[in-house]
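Heads up, the thing below is written out as structure tokens.
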Amino acid sequence: MTDVLVLNGPNLARLGSREPDVYGSADYAALAGAARRWGSDLGLEVEVRQSDDEAVLIGWLHEAVDSGCDVVLNPAAFTHYSYALRDAAKLVTAAGRTLVEVHLSNPAARETFRHTSVIGGVATGTVAGFGFDSYRLALIAVAARRSTR
Ligand code: DQA
209 MTDVLVLNGP NLARLGSREP DVYGSADYAA LAGAARRWGS DLGLEVEVRQ SDDEAVLIGW
269 LHEAVDSGCD VVLNPAAFTH YSYALRDAAK LVTAAGRTLV EVHLSNPAAR ETFRHTSVIG
329 GVATGTVAGF GFDSYRLALI AVAARRSTR
């Protein structure tokens with residue numbers, strides 16, 4: 209059974225070729241593989257998904273609520289303006305599950321429009337700026353919280 213859904217928003221399937229100076233040269237498959245491996249090292253069954261579609265991401269957050277999964281969410285550009293995704297993320301934490309917002313880059317050190325996260329206020333916590341390691345750190349936080357539940 210899946211313990212953690214690792215959900216990735218728009219344009220993250222383009223990792224490797226998308227702005228490598230910002231996001232690095234490793235591709236999405238490498239990120240997905242690393243996240244599954246880190247999860248397994250922590251004793252977690254991790255499923256990694258990506259969609260460019262807001263409605264699909266919202267559906268996956270509903271699935272996390274219904275199946276009792278924790279979530280690591282990189283909302284990508286939706287971070288900065290999607291109240292619909294925020295409301296769905298809130299359902300996860302309101303249900304008592306952990307939701308960690310992650311970013312490869314550090315949005316606070318980039319363009320002004322990236323300084324706002326509408327997700328952060330309903331997340332359990334946020335990890336940003338460590339490249340792929342943001343996901344590893346998020347999974348460590350999820351595992352730590354699960355061990356005290
Ligand atoms: C991102 C940061 C967002 O501002 C951007 O729109 C992304 C990726 C990150 O992981 O650093 O697509 O979420």
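If you read the sequence shown in our numbering, its first letter stands for residue 209, the second for the next number, and so on.
Where a beta carbon is used, it is the ideal one built from N, C-alpha and C, also for glycine.
Keep in mind it's a predicted model, so treat the numbers as computed, not measured.
Check: The ligand DQA heavy atom lying under 7 Å from the CB of residue 315; Outcome: yes
Check: Local conformation of residue 312 per DSSP, three classes; Outcome: coil
Check: Check: residue 322 C-beta below 7 Å from any heavy atom of the ligand DQA; Outcome: yes
Check: Distance CB(residue 350)-CB(residue 300) smaller than 8 Å; Outcome: no
Check: Residue 312 Cβ short of 7 Å to the ligand DQA heavy atom set; Outcome: yes
Check: C-beta contact flag for residue 292 and residue 262 at 8 Å; Outcome: yes
Check: Residue 220 beta carbon near the ligand DQA (any heavy atom closer than 7 Å); Outcome: yes
Check: Proximity test, residue 287 beta-carbon vs the ligand DQA heavy atom, cut-off 7 Å; Outcome: yes
Check: Top-ranked residue by Cα proximity to residue 328, from 310, 267, 320 and 337; Outcome: 310
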